[in-house]
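A.B. asks: Residue numbers (UniProt numbering), protein chains in the order written: chain A, 1 to 371; chain B, 1 to 668.
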Amino acid sequence: MTTFLKIRDLWKSFGQFVALRDISLDVIEGEFLCFLGPSGCGKTTLLRAIAGLDIQTAGTIHQAGKDVSNLPPAERDFGIVFQSYALFPNLTISENISFGLENAGKNKAEVKKRVDELLQLIGLPEQRDKYPAQLSGGQQQRIALARAIATSPGLLLLDEPLSALDAKVRVHLRHEMTELQRKLKVTTVMVTHDQEEALSMADRIVVMNHGVIEQVGTPTEIYTDPVSLFVADFIGEMNQVPAEVTKEGEVRVGNRTLLCRTGDFAPGSKVIAALRPEDVIPHDKDVRLPGTPDVIETLQNTFDVVIKEMEFLGSFWRTSVSDEEAEGLDLTADFSINAVRRLSLAVGEKITVELPADRLKAFSETSGAEQ
Amino acid sequence: MSSVESIPGPKIRKKVGTDALIQRGFIVVIALYLIITLAFPLYAMLSKAFEVYNYDLSQFSVQASDEEGNFTTGPVTLLDLNAELGLLGDSDMAAKGDGRLSLTQFFPDFSFRSPVMYRVAGTDEKSVFLVGSERHVGTESVEVDSNTFRKVVVRPVKSRGMSNFTRYFSTPALFRSIGNSVFIATVSTIITVTLAFWFAYALSRSCMKYKGFFRLVAMAPILVPSLLPGIALVYLFGNQGILKGLLMGQSIYGPIGIVIGSVFFTFPHAMLIIGTALSISDARLYEAAVSLRASRWRTFWTVTIPGARYGLISAAFVVFNLVITDFGLPKVIGGQFNVLAVDIYKQVIGQQNFEMGAVVSVVLLLPALLAFAIDRQVQKKQVAGLTARSVVFEPKPDRKADTGWLFYCSLVAVFILGIIGICQMAALIKFWPYDMSLSLNNYAFDRMDGGGWAAYKNSIKLGLLTAFVGTVVVFLGAYMVEKTSDFTKGRSGFQMLAMMPMAIPGMVLGLAYIFFFNNPANPLNFIYGTMAILVVSTVTHFYTVSHLTAVTALKQMDTEFESVASSLKQPFYKLFARVTVPVCMPAILNISIYLFVNAMTTVSAVVFLYSTDTALASIAVLNMDDAGDIAPAAAMGMMIFYTNAAARLLHAVGSRAILKRSEAWRQR
Ligand SMILES: Nc1ncnc2c1ncn2[C@@H]1O[C@H](COP(=O)(O)OP(=O)(O)OP(=O)(O)O)[C@@H](O)[C@H]1O
Ligand SMILES: [Mg+2]
Chain A
1 MTTFLKIRDL
11 WKSFGQFVAL
21 RDISLDVIEG
31 EFLCFLGPSG
41 CGKTTLLRAI
51 AGLDIQTAGT
61 IHQAGKDVSN
71 LPPAERDFGI
81 VFQSYALFPN
91 LTISENISFG
101 LENAGKNKAE
111 VKKRVDELLQ
121 LIGLPEQRDK
131 YPAQLSGGQQ
141 QRIALARAIA
151 TSPGLLLLDE
161 PLSALDAKVR
171 VHLRHEMTEL
181 QRKLKVTTVM
191 VTHDQEEALS
201 MADRIVVMNH
211 GVIEQVGTPT
221 EIYTDPVSLF
231 VADFIGEMNQ
241 VPAEVTKEGE
251 VRVGNRTLLC
261 RTGDFAPGSK
271 VIAALRPEDV
281 IPHDKDVRLP
291 GTPDVIETLQ
301 NTFDVVIKEM
311 EFLGSFWRTS
321 VSDEEAEGLD
331 LTADFSINAV
341 RRLSLAVGEK
351 ITVELPADRL
361 KAFSETSGAE
371 Q
Chain B
1 MSSVESIPGP
11 KIRKKVGTDA
21 LIQRGFIVVI
31 ALYLIITLAF
41 PLYAMLSKAF
51 EVYNYDLSQF
61 SVQASDEEGN
71 FTTGPVTLLD
81 LNAELGLLGD
91 SDMAAKGDGR
101 LSLTQFFPDF
111 SFRSPVMYRV
121 AGTDEKSVFL
131 VGSERHVGTE
141 SVEVDSNTFR
151 KVVVRPVKSR
161 GMSNFTRYFS
171 TPALFRSIGN
181 SVFIATVSTI
191 ITVTLAFWFA
201 YALSRSCMKY
211 KGFFRLVAMA
221 PILVPSLLPG
231 IALVYLFGNQ
241 GILKGLLMGQ
251 SIYGPIGIVI
261 GSVFFTFPHA
271 MLIIGTALSI
281 SDARLYEAAV
291 SLRASRWRTF
301 WTVTIPGARY
311 GLISAAFVVF
321 NLVITDFGLP
331 KVIGGQFNVL
341 AVDIYKQVIG
351 QQNFEMGAVV
361 SVVLLLPALL
371 AFAIDRQVQK
381 KQVAGLTARS
391 VVFEPKPDRK
401 ADTGWLFYCS
411 LVAVFILGII
421 GICQMAALIK
431 FWPYDMSLSL
441 NNYAFDRMDG
451 GGWAAYKNSI
461 KLGLLTAFVG
471 TVVVFLGAYM
481 VEKTSDFTKG
491 RSGFQMLAMM
501 PMAIPGMVLG
511 LAYIFFFNNP
521 ANPLNFIYGT
531 MAILVVSTVT
541 HFYTVSHLTA
551 VTALKQMDTE
561 FESVASSLKQ
571 PFYKLFARVT
581 VPVCMPAILN
591 ISIYLFVNAM
601 TTVSAVVFLY
611 STDTALASIA
621 VLNMDDAGDI
631 APAAAMGMMI
641 FYTNAAARLL
651 HAVGSRAILK
661 RSEAWRQR
């Protein structure tokens with residue numbers, strides 16, 4: 001695993017406004033990296049700094065060992081696809097793709113061969129003499145991709161390449177693009193604000209917020225082990241309950257004490273205890289045999305709740321439950337169709353739920369990383 | 001997040017690549033072009049307006065000898081001499097730039113035959129006096145005999161001050177023009193905007209027949225110089241006019257003529273602007289009004305007028321500006337009714353009083369600048385209103401109303417075609433009204449003063465050169481402003497410069513060119529009196545509209561084309577040639593036809609700048625009319641009309657062909 005792109009202490013300001021703040025990041029050779037974050041967090045700005053299109057205010061960028069920090073785009077080595085694709089409207093598909101191949105020391109026949117190869121690769125060999133306006137959005141996107149990789153750049157930059165497409169085409173192209181990237185093994189950085197896109201396509205994800213990197217990790221790391229409430233909330237859903245750390249590994253919510261990953265929080269700290277809805281485990285009524293309360297006692301973080309609302313979301317039931325004994329313990333839980341049927345769950349019913357201690361995690365009240 | 005923060009570490013300084021270097025070069029060259037052809041001349045003109053010349057008598061002393069040539073008395077300053085003699089008052093001290101004051105008048109018993117000798121000297125190092133054509137500077141004294149003493153003159157001293165303006169405002173004959181100009185501009189604006197609004201309304205909101213024809217007719221006045229309607233009015237209502245009776249004793253020479261002519265030549269401009277405003281209004285609002293059972297009258301006031309209000313305001317300011325800065329029409333038909341634009345001409349050409357010409361120019365600049373500033377403001381608002389997606393309004397047939405509209409539009413068309421038709425008749429009739437037989441005699445321009453056919457050829461040359469040079473300069477300039485990424489300050493400065501010509505009346509520009517280019521100290525002095533200065537002034541005069549057309553076209557192109565090209569390591573000029581220019585071809589053609597037509601018809605800027613070798617057709621119309629050769633003037637005006645009509649036709653055919661060829665990729 002060699003580092004292909006090394007970004008250090010990068011800042012970017014527009015006048016008074018600081019758009020990127022002290023960004024340091026390594027991009028590994030051949031990986032598919034995603035910048036993910038809400039609108040305006042600086043993803044595009046970072047991508048454009050890498051491309052040299054909008055040079056950073058301070059900080060360095062090394063690409064393949066070479067310092068490219070202050071080079072104009074023409075002196076760097078990358079291909080780029082924009083959200084709009086920016087296909088040249090008056091040039092045919094093959095002219096678009098060959099735009100970067102001309103005067104690059106190739107003769108006509110070589111250029112034609114390369115264009116054919118690329119059209120084959122993106123699966124549009126019959127479209128070569130059409131104009132961009134005559135193609136569908138998805139086809140245009142693939143042409144833009146072909147044009148970007150035509151010169152075999154060492155780095156492929158994609159700024160929301162799929163967001164102009166409708167949902168179905170988008171899902172299809174996600175798959176195609178990752179396939180293509182794996183095949184070419186070109187180091188790729190993609191900007192997106194769609195978490196699903198990032199989770200399904202990326203080898204690693206960089207979650208950004210307000211011009212800083214919140215977390216870098218594989219999709220599963222980011223999802224299962226977010227370092228901050230921001231990341232937790234931005235990717236997937238999260239129950240958040242105000243709590244107080246009583247001792248290491250334990251918090252109190254209302255008048256209930258729960259086992260929890262408290263990290264470095266000192267006893268007495270006010271925290272937010274967080275848990276994903278799908279981590280709430282509904283328990284079989286059998287667990288709670290009459291007259292044997294100790295069975296429950298042995299299960300940690302397990303108590304009774306009342307089902308307030310249920311909403312069918314296709315593959316699961318989104319359920320609001322409320323712990324009537326402990327004030328403020330209202331949770332959203334996702335129960336599988338299976339579980340709902342098996343346990344005959346319905347609004348108004350009382351059920352027993354478990355909040356797995358290793359899934360419940362304490363975060364500081366303000367957003368930002370865990371202390 | 002926006003707190004002021006110090007960013008640690010060294011700031012990155014971007015390496016300037018080849019592309020950026022070339023682009024900077026272009027920006028600098030084109031900005032220099034605008035600075036030299038616009039900023040410097042205007043500055044020269046402004047400083048001229050504040051240039052004051054006065055004789056400073058304290059600067060010189062004279063010593064006179066006795067009859068034997070012995071100097072017995074000491075030197076006396078002219079100031080003292082004058083005080084002693086009570087000769088010249090303060091007002092006599094004011095001078096024109098080329099004024100001379102002879103010294104003999106300070107010696108009442110002077111005789112050029114007397115043997116008395118005179119010693120003349122300056123009192124300080126900067127004093128200048130002339131002996132004949134010989135310049136003497138400083139305090140050294142010069143001894144001359146009385147015959148030579150006649151040739152000793154002092155020149156006025158240049159200083160800066162407001163006195164030209166005080167003089168202007170204390171001369172009723174001059175400052176009355178301000179009121180006159182504002183008056184005719186206001187009246188013309190009200191009439192034109194009203195007529196144009198209903199005309200545009202009929203075109204966009206009714207199912208009237210022959211819309212295409214009316215559209216074409218409404219644009220015709222653009223093809224002729226603004227003085228042509230003046231000539232037609234002379235034929236209709238002048239001393240021997242066929243319709244003179246209709247004026248009930250009023251003279252056409254004066255405000256009436258100017259207003260009618262102004263309505264004619266400003267009509268297409270107002271119609272275009274209002275037509276655009278009406279065409280973008282939202283059909284959904286009308287449907288809503290219908291479903292609310294609002295009366296037609298109410299719909300009109302609550303939907304139509306608010307929707308078109310920016311267009312109306314904008315049209316009003318454009319018309320006002322056109323009328324107040326127009327020179328040709330009031331020159332032909334203004335009679336004794338003085339307006340600002342003609343005053344400039346009279347001061348400069350008639351009286352050679354350049355300082356006063358500059359003062360009138362400054363006065364004329366003010367309303368024009370104001371109208372321009374307000375118009376820009378309004379246009380910005382309208383663009384904001386345009387972004388909302390709206391549904392195009394489809395009018396429904398209504399027999400009665402459509403007939404009414406047809407009648408109204410026919411009246412307007414008769415007015416426009418009538419004016420042009422009268423000129424055509426005037427051009428063809430041998431000797432109106434005595435010999436009404438037809439002939440082409442009036443087209444024998446070589447038999448009249450004014451430049452003859454050579455002037456017509458010059459105009460064609462000017463039109464083609466302006467179209468070519470102007471389109472290249474304007475489009476390159478707009479591209480650099482719109483599509484380059486660095487050099488931000490330079491670009492915004494350039495953008496400001498490019499907007500300026502719109503606010504500068506042609507007369508003012510022309511006069512400014514005299515001051516700047518006719519200065520022997522200017523290294524560009526050699527273009528004075530050539531075709532080059534005519535081309536340059538015309539390009540600059542019509543720069544803004546062309547620039548805006550180019551910018552609009554460029555804005556519609558994807559902002560990332562340049563980024564893509566540089567990521568593919570292709571120079572920007574390859575992208576420019578292969579993508580930008582072909583995609584913008586319709587706009588480029590529009591710019592060139594606009595420049596051509598305007599170069600053919602313009603009078604105001606070039607009237608100060610043409611020479612005998614470079615007389616122009618439009619100027620010939622003016623001069624022949626001035627000389628009383630009205631029929632040939634009308635004939636030359638019609639030549640301009642035919643040429644422009646042909647050019648437009650050619651342009652339409654060419655544009656259609658290009659659009660057809662690019663149909664495949666333009667659909668979207
Ligand atoms: N040229 C600029 N001048 C001033 N501010 C800018 C400029 N470009 C970006 N910004 C600001 O910097 C911040 C980051 O912008 P950026 O385009 O990188 O966001 P983003 O994460 O890509 O958002 P989106 O998902 O909406 O594309 C935003 O607040 C934006 O307003
Ligand atoms: Mg973005």
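Glycine included, each C-beta is placed from N, C-alpha and C at the ideal position.
Note that the structure is a prediction, hence the values are computed from the model and not measured.
#1: Which residues in chain A have a C-beta closer than 7 Å to the C-beta of residue 672 of chain B? List them in chain order.
#2: If you draw a straight line from the C-alpha of residue 153 of chain A to the C-alpha of residue 504 of chain B, how long is it?
#3: Relative to ligand 2, what is the chain-ordered list of residues with a Cβ closer than 7 Å to any of its non-hydrogen atoms?
#4: Give the range of the alpha helix (DSSP H) segment to which residue 178 of chain A is assigned.
#5: Restricting to Cα atoms, I'd like to know which of A:105, A:99, A:132 and A:147 is closest to residue 118 of chain A.
#6: Going by the DSSP bridge assignment, what does residue 317 of chain A pair with across the sheet?
#7: Which of helix, strand or coil does DSSP assign to residue 89 of chain B?
#8: DSSP state of residue 653 of chain B, grouped into three classes?
#9: Would residue 125 of chain B be called buried (16 or more neighbouring beta carbons within 10 Å of its own) or exposed?
#10: Let me check one thing: in DSSP terms, what residues is residue 401 of chain A bridge-paired to?
#11: Does any CB atom of chain A fall closer than 8 Å to the CB of residue 244 of chain B?
#12: Please classify residue 76 of chain A as buried or exposed, where buried requires at least 16 neighbouring CB atoms within 10 angstroms.
#13: Consult DSSP for residue 124 of chain A and reduce its assignment to one of helix, strand or coil.
#14: Identify the residues that DSSP records as bridge partners of residue 143 of chain B: which are they?
#15: If we define contact as Cβ-Cβ less than 8 Å, is residue 335 of chain A a contact residue for chain B?
#16: Below 6 Å CB to CB, which residues in the same chain sit around residue 74 of chain A once its five sequence neighbours on both sides are set aside?
#17: By the DSSP assignment, the alpha helix (DSSP H) with residue 223 of chain A in it spans what residues?
#18: Enumerate in chain order the residues of its own chain whose CB-to-CB distance from residue 240 of chain B is below 8 Å, with the five nearest sequence positions on each side excluded.
#19: Among A:254, A:339 and A:90, which one has its Cα closest to the Cα of residue 281 of chain A?
#20: Taking the continuous beta strand (DSSP E) assigned at residue 136 of chain B, which residues delimit it?
#21: Tell me, which residues are paired with residue 34 of chain A by DSSP?
#22: Tell me whether residue 159 of chain A sits in a helix, a strand or coil according to DSSP, three-state version.
#23: Any residues in the region 49-82 of chain A with a beta carbon nearer than 7 Å to a beta carbon of chain B? Which ones, in chain order?
#24: Looking at ligand 1, does it come within less than 7 Å of residue 41 of chain A, judged from the CB to the closest heavy atom?
#25: Do you know how far the Cα of residue 213 of chain B is from the Cα of residue 21 of chain B?
#26: Are there 16 or more other CB atoms within 10 angstroms of the CB of residue 155 of chain B, so buried, or fewer, so exposed?
#27: Using a Cβ-Cβ distance under 8 Å, would residue 90 of chain A count as near chain B?
#28: For residue 182 of chain A, count neighbouring Cβ atoms within 10 angstroms of its own Cβ and tell me buried if that reaches 16, exposed if not.
#29: Consider the C-beta atom of residue 17 of chain A and the heavy atoms of ligand 1; say whether any pair is separated by less than 7 Å.
#30: At the level of alpha carbons, what is the spacing between residue 50 of chain A and residue 156 of chain A?
#31: Among B:50, B:252, B:619 and B:47, which has the Cα closest to the Cα of residue 603 of chain B?
#32: Sorry if obvious, but does the Cβ on residue 452 of chain B come closer than 7 Å to a heavy atom of ligand 1?
#33: Could you give the residue range of the alpha helix (DSSP H) that holds residue 330 of chain B?
#34: Starting from the beta carbon of residue 20 of chain B, find every residue of chain A whose beta carbon is closer than 8 Å, and list them in chain order.
#35: By a C-beta neighbour count over all protein chains shown, 10 Å radius and 16 as the cutoff for buried, is residue 48 of chain B buried or exposed?
#36: Whole angstroms are fine: how far does the CA of residue 536 of chain B sit from the CA of residue 528 of chain B?
C.D. replies: Working from what's here:
#1: The structure shown has nothing for residue 672 of chain B, since chain B only spans 1 to 668.
#2: Roughly 52 Å between the two C-alpha positions.
#3: A:43, A:44, A:159, A:160 and A:191
#4: 167-184
#5: A:147
#6: A:312 and A:335
#7: coil
#8: helix
#9: Sixteen is the threshold: since fewer than 16 other Cβ atoms of the shown chains lie within 10 Å of the Cβ of residue 125 of chain B, the residue is exposed.
#10: Nothing can be reported for residue 401 of chain A, as the shown portion of chain A is limited to 1 through 371.
#11: Not one chain A Cβ lies under 8 Å of residue 244 of chain B.
#12: buried
#13: coil
#14: B:119
#15: no
#16: none
#17: Where residue 223 of chain A is concerned, the enclosing alpha helix (DSSP H) stretches over 219-224.
#18: 432 and 433
#19: A:339
#20: 134-137
#21: A:190 and A:205
#22: strand
#23: 51, 53, 55, 56, 57, 58, 59, 69, 70, 71, 72, 73, 74, 75, 78, 79, 80 and 82
#24: yes
#25: Using only the alpha carbons, I get a separation of about 51 Å.
#26: Classification for residue 155 of chain B: buried.
#27: Chain B, which has a Cβ nearer than 8 Å to the Cβ of residue 90 of chain A, makes this yes.
#28: Exposed: under 16 other Cβ atoms inside 10 Å.
#29: Residue 17 of chain A has its CB nearer than 7 Å to a heavy atom of ligand 1.
#30: 11 Å
#31: B:619
#32: no
#33: Where residue 330 of chain B is concerned, the enclosing alpha helix (DSSP H) stretches over 328-333.
#34: 72
#35: Counting Cβ neighbours within 10 Å, residue 48 of chain B comes out buried, since at least 16 surround it.
#36: 11 Å
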